[in-house]
Each structure stands twice: as C-alpha cells, then as structure tokens.
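Have a look at the structure below before the remarks.
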Amino acid sequence: MVNPVGIIHGVDGVRRIRFRVFDGASVWIGQYVVTSEGYLCRVSRIERRNYLTDDRILAEMSSFERIERLKKYGFNLEFTSTITLAEALIIGVVEGSGIRQPMAPPHLYTYVNEAPSELISNLTVINSAPITIGKVKGSDTPARLDAEKLTTHHCAILASTGSGKSWLAGVIAEELALTIKMPVVIIDPHGEYSSMQYPAVDDPLANEVASMVNIYVPGRVDTGEIDKYYMAKFGEPRRYIRIGVNPRNMPLGVLIKLLTHYYGLTDTQRRLLEEGWPYDPSIDAPLTTIDELVGEVIERSRGSAPKGYAGESSISSLVSKLRSFLENRPFFITMYGEHYGDEPIRLLDVENMLNKPGINVIDLSTLDLMDQQALVALMLDSMFNLAKRRRIMPTFVIIEEAHNFSPSKALSISKSSILRIAREGRKFGLGLCIVSQRPSRIDPDVLSQCMTQIFKRIINPLDLKYVASVAENISSDELTTLKSLNPDEAYVTGMATPIPLLVRVKGRLTHHGGVTRWISTINP
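In UniProt numbering, the protein residues as written are 1 to 524.
Following this line, the structure appears as structure tokens:
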C-alpha cells in the first residue's frame with residue numbers, strides 16, 4: 001500500500017529532491033522514500049518553518065509572558081502555521097528488483113512515498129555469499145553485505161573512539177567465520193579481541209564461533225596481567241598459543257629499520273647486512289642459535305668490510321647490535337622446543353593457520369609500537385607470499401588502529417606490507433579491513449583501495465574532511481549524518497551493498513572486549 005508523505009517542490013539535478021512533508025506525516029533522517037516515478041531517495045535533512053513568522057512577530061516575542069498573552073488572542077503559531085520541509089538524496093531509479101543511475105531529474109510536484117520494506121528488502125538481496133550485520137534502520141529488513149566484494153575489494157571501518165568500531169568488526173568476523181567458512185586474522189594491538197573466546201549468549205552458534213577463535217601471543221612476553229583480567233571477568237582462563245618467528249624470515253628492510261631504531265647503524269654496517277643477511281621467507285628456513293646466525297652474517301659479509309681497524313670495529317659493533325637485537329625481541333625463536341616458563345613456543349606457521357576457517361587473533365598488546373609494526377610486516381608478507389602461490393584459503397585481515405600501522409605521513413615498518421595487499425591482494429584472495437578512529441592519519445593510498453566504507457559516528461572536522469576526499473560515494477549531507485549516528489548505528493556504502501544502508505548493528509555472539517574499564521566501586 002502506497003503511503004504518501006509529501007510532494008516535491010524542488011530538485012537539484014539528479015542528486016537530491018526537496019519536498020514539502022504532509023501534515024501528520026512522519027519522516028526522519030536516513031529514511032528511504034520513493035517518488036511516484038520510482039526515484040529511490042534517502043532523507044538527509046529536515047527543517048520546520050513557520051510561514052507567518054516575520055520580523056514584526058519576532059519583535060513581539062520578547063518574553064514568556066508576552067508569548068502566552070499572544071496565544072490567548074489566537075496567535076498559536078507553533079501549530080497553526082508550521083510546515084515541515086525535507087531534502088532527500090537520490091540513490092537511483094527502481095527497475096524491477098534492481099536500481100539504475102538516473103539520467104534525468106524527477107518532475108516537480110510528484111508525490112513522495114514511504115519506501116515499502118519489501119522494496120528495500122528486494123533491493124538489498126545478495127545472491128551469493130551474503131552476511132548479515134544488522135537491520136536497516138526503521139525496519140525489520142536484514143542489512144546484508146556481499147562477503148566476496150567486502151573481502152576481496154577491501155573495506156574500512158571508520159569512527160570516533162567509543163563509537164562501536166570493534167563491536168562491528170567482531171560482528172563481521174563472526175559472520176565470515178560461521179557463514180562463509182573463511183579464515184579471519186585480527187591484528188589486535190590492545191588485547192581486546194581475546195574476549196571472542198567467550199560466548200555472549202546461550203546459543204549453539206555462539207559456542208561454535210567461540211570455539212573457532214585462536215589467540216596468538218609473542219613467544220617471550222609476560223601475559224600475567226591480561227590473563228588475570230580475563231579470568232576475573234569470565235571465570236575461566238583464555239586459551240592462547242605462544243608463537244615465535246624465525247629471524248631468517250625477517251626481510252632485510254625491516255631488520256635495518258629496527259636495528260636503526262633501537263641501536264643505530266652506520267653506513268658500513270648497513271652494507272655488511274645487505275651482503276650478509278640470510279633472508280629466507282619459507283617455513284623450512286633452518287633454525288639456528290643466535291651465535292650461529294650472527295656468525296653466518298659476518299662470514300657472508302666480511303669481504304665487503306673496510307680493511308684494517310675501521311672494518312674490524314664496524315664488524316665488532318654490528319655483532320654486538322645483532323646479538324642484542326635477537327636476544328631482546330620477544331617474537332623470535334631460534335631453536336625448536338623453546339619455552340616461556342612452562343609454556344611451549346611454537347614456530348609461526350601462517351600456512352597451517354590459514355588453511356581452515358576460524359578467527360585468528362594476533363594479540364600485540366605486550367609489544368611496543370615498533371615491535372608491533374615489525375611482527376605485522378612479517379605476518380602480512382608471509383600471507384601475501386603464500387596467497388600468491390595459492391597455498392592458503394582466501395583470507396580476510398582486520399587491522400585495528402590502522403593509523404599506527406599505515407600512517408599518512410610518519411614512517412612505518414608495516415606500511416609497505418599493508419599497501420602491497422591493498423593494491424594486489426584481491427588477485428590472490430587476500431582482503432583487508434582497515435579499522436581506525438583517525439581516518440585523516442591513515443595513508444591515503446591504502447584507504448583509497450577500500451571499496452566498501454563503513455562509518456560509525458565521526459565528529460572530528462579534520463577526519464570528516466578527509467573522509468570526503470577519499471570516499472567517492474559520500475556527499476556533504478551524508479557527512480553531516482555521520483556526526484549524529486547513535487552507537488548502534490552504521491552507515492555503509494560501496495561495492496558490498498547494492499544501495500547505501502543506514503544500519504542498526506546487531507548483537508554479538510561472543511563477548512566484546514573493547515569497553516572502557518572504570519572503577520565500579522570505591523571503598524573508603
């Protein structure tokens with residue numbers, strides 16, 4: 001049944017309509033409406049106007065008592081002379097169960113109707129690999145995304161802090177693992193995603209997805225405090241695997257950046273490393289002791305060292321720096337059977353990790369930023385090389401706090417690894433999800449490769465301006481909408497959805513860890 005809510009009184013090409021809302025009709029920001037000619041639109045602005053108000057009447061409204069006196073004489077302008085005007089962005093023209101871009105603007109003085117829920121449901125049908133992240137706001141229509149386009153063409157979740165980014169990322173991870181049977185990797189710099197091991201509801205699906213969550217921590221780090229936190233909150237310990245990386249898997253560029261950061265390198269020492277570092281990205285690269293590895297580096301590079309004291313001094317200093325570096329990085333493993341306390345450290349095997357469905361959380365919370373970037377670079381490079389050789393399943397990588405791993409201006413060890421996947425990963429079934437509270441600080445080349453954008457509430461003017469510059473499908477009116485989104489709402493646009501969606505994000509099957517910890521009681 002058609003439910004008219006207004007009539008068009010102005011158009012702005014094929015971009016927007018302006019309509020007078022009928023008395024008694026209800027419209028709201030984000031609502032879908034459809035004109036009698038089939039133009040599907042979304043309400044972006046509403047204003048109320050009193051057409052009898054002029055400067056003389058405003059001058060009379062000098063006090064509460066004066067206004068009440070005017071009302072007694074029939075000047076009840078609040079109700080008798082108020083009209084509601086609205087603007088709506090044109091999404092497209094409905095054709096059957098699809099939508100096309102309009103070639104001409106709608107006609108003036110045609111009716112604007114509520115869009116039936118059946119129409120929105122038909123337009124948002126995903127024929128293959130759908131995942132559901134909630135409901136279209138104001139209806140019971142499922143908000144479905146095309147999982148293939150979401151993952152292979154990359155996506156971004158952008159919002160201010162505390163707006164529900166991690167909650168939504170968790171919903172997507174659950175859906176991909178359960179529905180699509182896809183391996184998901186979550187780069188977790190704060191240790192908040194370990195909560196996904198604990199079911200949040202009494203539901204077999206919650207138990208199933210919780211059992212699919214694997215936590216990985218760097219081999220030689222103290223996890224005591226965070227383990228106590230999860231034990232106290234959930235009544236049972238979190239399950240995790242300690243992992244170590246073979247130093248030979250570290251690319252030369254990453255090694256030089258880390259050594260320069262922690263110890264400083266001379267030009268001579270850089271040349272020695274360029275000649276002598278035995279880089280081997282394979283899982284079969286030999287594990288050797290630190291002394292053996294350092295000795296091998298020096299043996300391979302000695303011929304390029306300067307003669308005499310200067311050369312010997314450079315070599316001696318490099319030996320000390322390399323040994324200290326390898327001993328103090330908590331994510332290296334140099335022999336089989338290593339333990340941290342009574343817990344075994346396993347050699348990181350990305351191929352085995354990503355050949356089965358599951359949610360693989362890489363907990364980096366115990367590392368400083370440089371070490372976090374280094375481990376992320378190592379893992380992403382390994383994933384890319386394996387994906388290129390078709391050795392792993394199609395995989396989705398969620399990177400939390402992405403502005404720290406691929407910053408727009410600052411140098412970062414992991415930036416080139418992220419950018420390579422953003423540019424080339426689609427060809428090999430490797431997708432990215434960039435999650436950040438500071439969009440303006442993310443490398444624009446990375447963000448521009450994200451063909452689906454999911455926005456939560458954003459209020460920072462710099463971030464809003466940046467979003468407008470990199471997101472092709474968002475208008476100035478929609479940017480205004482982003483500032484007023486509720487915590488459980490998200491705005492989705494791009495390749496993964498047939499039409500832009502304003503979504504009420506659904507509940508999680510597993511517990512959410514990204515909540516602010518605060519003092520609940522104070523004992524005097």
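Note that CB positions come from ideal geometry on N, CA and C, so glycine has one too.
By the 10 Å Cβ neighbour count, where 16 or more other Cβ atoms means buried, how is P487 classified, buried or exposed?
-> What you label residue 487 is simply residue 487 of the sequence shown in a count that begins at 1. So P487 counts as exposed.
Of the residues E489, V14, L258, N249, the one placed nearest S324, counting alpha carbons only | Sequence index remark: in the sequence shown, residue 324 carries index 324 (1-based). Considering only alpha carbons, the answer is L258.
DSSP on Q453, reduced to helix/strand/coil?
-> On the sequence shown, residue 453 is found 453 positions in, with the first residue counted as 1. Q453 sits in a strand when the DSSP states are folded into three classes.
Cβ-based burial, R389 [other Cβ within 10 Å; buried from 16] = Within the sequence shown, the letter at position 389 stands for residue 389. It counts as exposed.
N523 in three-state terms, based on DSSP = For this step, residue 523 is matched to residue 523 along the sequence shown. For N523, the predicted structure reports a pLDDT of 43, less than 50, and the residue's modelled location is therefore unreliable. The matter cannot be settled from this model.
Please state if the CB of N113 and the CB of V11 are separated by a distance shorter than 7 Å.
-> If you number the sequence shown from 1, residue 11 lands on position 11. If you number the sequence shown from 1, residue 113 lands on position 113. No, the Cβ-Cβ distance between V11 and N113 is not below 7 Å.
Proximity winner among G295, T161, P251, relative to E401 (alpha-carbon distances) | For the purposes of this step, residue 401 is identified with residue 401 of the sequence shown, where counting begins at 1. Looking at the Cα atoms, T161 is the closest of the given residues.
When we look at the beta-carbon of E175 and count the other beta-carbons within 10 Å, is it buried (16 or more) or exposed?
-> By 1-based counting over the sequence shown, the position of residue 175 is 175. A residue is called buried when at least 16 other Cβ atoms come within 10 angstroms of its Cβ; E175 meets this threshold and is buried.
Please determine, among G253, L501, E343, P286, the residue with the shortest C-alpha to C-alpha distance to E381.
-> Translated into the one-based positions of the sequence shown, residue 381 becomes position 381. Inspection of the sequence shows that residue 381 is occupied by Asp rather than by Glu. D381 has its Cα closest to that of G253, out of G253, L501, E343, P286.
Contacting residues, own chain, Cβ-Cβ under 7 Å from R423 (five flanking each side not counted) | As a position in the sequence shown, residue 423 is number 423, starting the count at 1. Closer than 7 Å at the Cβ level, and outside the excluded window around R423, lie Q449.
Between I434 and L447, which are expected to be in contact by the criterion C-beta below 8 Å, what is the C-beta distance as a whole number of angstroms?
-> Stepping through the sequence shown from its first residue, residue 434 is reached at position 434. Stepping through the sequence shown from its first residue, residue 447 is reached at position 447. Going by Cβ atoms, the distance from I434 to L447 rounds to 6 Å, so yes, they are a contact pair.
Is it buried or exposed for P524, if we count other Cβ within 10 angstroms and need 16 for buried?
-> The residue labelled residue 524 in the question sits at position 524 within the sequence shown. Confidence at P524 is low in this model, with a pLDDT of 40, below 50, so the placement of that residue is unreliable and no value is reported for it.
Taking the DSSP output, what are the residues bridged to P358?
-> Position 358 of the sequence shown holds residue 358. Checking the sequence, you will find Gly at residue 358 rather than Pro. Under DSSP, the beta-bridge partners assigned to G358 are P183.
DSSP state of E343, grouped into three classes?
-> As a first step, residue 343 is located in the sequence shown; it is residue number 343 there, counting from the start. Three-state DSSP puts E343 in a strand.
If you draw a straight line from the alpha carbon of V467 to that of A490, how long is it in whole angstroms?
-> Position 467 of the sequence shown, counted from the first residue, corresponds to residue 467. Position 490 of the sequence shown, counted from the first residue, corresponds to residue 490. Approximately 15 Å between the Cα atoms of the pair.
Go ahead and pull the three-state DSSP assignment for K415.
-> For this step, residue 415 is matched to residue 415 along the sequence shown. Here K415 sits in helix by DSSP.
Drop a sphere of 10 angstroms on the beta-carbon of G431, count the other beta-carbons inside from all chains shown, and report buried for 16 or more, exposed for fewer.
-> The sequence position of residue 431 within the sequence shown is 431, counting from 1. G431 is buried by the Cβ-count criterion.
By how many angstroms is the C-alpha of V505 removed from the C-alpha of C155?
-> Residue 155 sits at position 155 when you count from the first residue of the sequence shown. Residue 505 sits at position 505 when you count from the first residue of the sequence shown. Those two C-alpha atoms are separated by around 17 Å.
Just the C-alpha distance for R329 and L265, rounded to the nearest angstrom, thanks.
-> Position 329 of the sequence shown, counted from the first residue, corresponds to residue 329. Position 265 of the sequence shown, counted from the first residue, corresponds to residue 265. If you take the alpha carbons of R329 and L265, they lie about 17 Å apart.
Who pairs with R18 in a beta bridge, going by DSSP?
-> For the purposes of this step, residue 18 is taken as the residue at position 18 of the sequence shown. Paired residue(s): G10, E87.
With respect to the alpha helix (DSSP H) encompassing Y193, which residues constitute its N-terminal and C-terminal limits?
-> For the purposes of this step, residue 193 is taken as the residue at position 193 of the sequence shown. Note, Y193: premise wrong, no alpha helix (DSSP H); not H, not E.
Roughly how many angstroms lie between the CA atoms of I172 and I454, to the nearest whole one?
-> Along the sequence shown, one-based indexing puts residue 172 at 172. Along the sequence shown, one-based indexing puts residue 454 at 454. Distance between the alpha carbons of I172 and I454: 11 Å.
Beta carbon of I133 nearer than 7 Å to that of A143 | Position 133 of the sequence shown, counting from 1, holds the residue named residue 133. Position 143 of the sequence shown, counting from 1, holds the residue named residue 143. Yes.
How big is the Cα-Cα spacing for G358 and N122?
-> As a working mapping, residue 358 is identified with position 358 in the sequence shown. As a working mapping, residue 122 is identified with position 122 in the sequence shown. Cα-Cα distance, rounded: 31 Å.
Is the distance from the Cβ of I120 to the Cβ of T141 below 7 Å?
-> Translated into the one-based positions of the sequence shown, residue 120 becomes position 120. Translated into the one-based positions of the sequence shown, residue 141 becomes position 141. For I120 and T141, yes; Cβs fall inside 7 Å.
7 Å Cβ cutoff met for G276 and F332 = To locate residue 276, count along the sequence shown from 1; it is residue 276. To locate residue 332, count along the sequence shown from 1; it is residue 332. No. Outside cutoff.
What are the partner residues of V503, as DSSP defines its beta bridges?
-> Translated into the one-based positions of the sequence shown, residue 503 becomes position 503. V136, A490, per the DSSP bridge assignment.
Along the chain, where does the alpha helix (DSSP H) that runs through N328 open and close?
-> The sequence position of residue 328 within the sequence shown is 328, counting from 1. 309 to 328 is the span of the alpha helix (DSSP H), which, as asked, contains N328.
So the beta strand (DSSP E) P142 belongs to, where does it begin and stop?
-> By one-based count along the sequence shown, residue 142 stands at place 142. From DSSP, the beta strand (DSSP E) with P142 extends over 142 to 146.
R438 versus H403: straight-line alpha-carbon distance, rounded | Position 438 of the sequence shown, counted from the start, is the residue given in the question as residue 438. Position 403 of the sequence shown, counted from the start, is the residue given in the question as residue 403. Cα to Cα, the separation comes out at about 7 Å.
DSSP-derived helix/strand/coil call for L288 | As a working mapping, residue 288 is identified with position 288 in the sequence shown. What sits at residue 288 in the sequence shown is Thr, not Leu. In the structure shown, T288 sits in coil (DSSP, three-state: anything other than H, G, I, E or B).
Near M353, what residues of its chain come up, given a Cβ to Cβ distance below 6 Å and the 5 sequence neighbours on each side ignored?
-> Start at 1 with the first residue of the sequence shown, and residue 353 comes out as number 353. Contacts found: N360.
State the beta-bridge partners of N214 as determined by DSSP.
-> For this step, residue 214 is matched to residue 214 along the sequence shown. Note: N214 sits in a beta bridge opposite N360.
Beta-carbon separation (whole angstroms), I362 vs V185, contact threshold 8 Å = What you label residue 362 is simply residue 362 of the sequence shown in a count that begins at 1. What you label residue 185 is simply residue 185 of the sequence shown in a count that begins at 1. Correct: roughly 7 Å between the Cβ atoms.
How many Å lie between Y32 and P344 at the Cα?
-> Counted from its first residue, the sequence shown places residue 32 at position 32. Counted from its first residue, the sequence shown places residue 344 at position 344. The C-alpha of P344 is placed about 56 Å away from the C-alpha of Y32.
Compare the Cα-Cα distances from V210 to each of I67, A200, K427, M379 and report the closest residue.
-> Working through the sequence shown from its first residue, we reach residue 210 at position 210. Per the sequence shown, residue 210 should be read as Ala rather than Val. Here the closest residue by C-alpha is A200.
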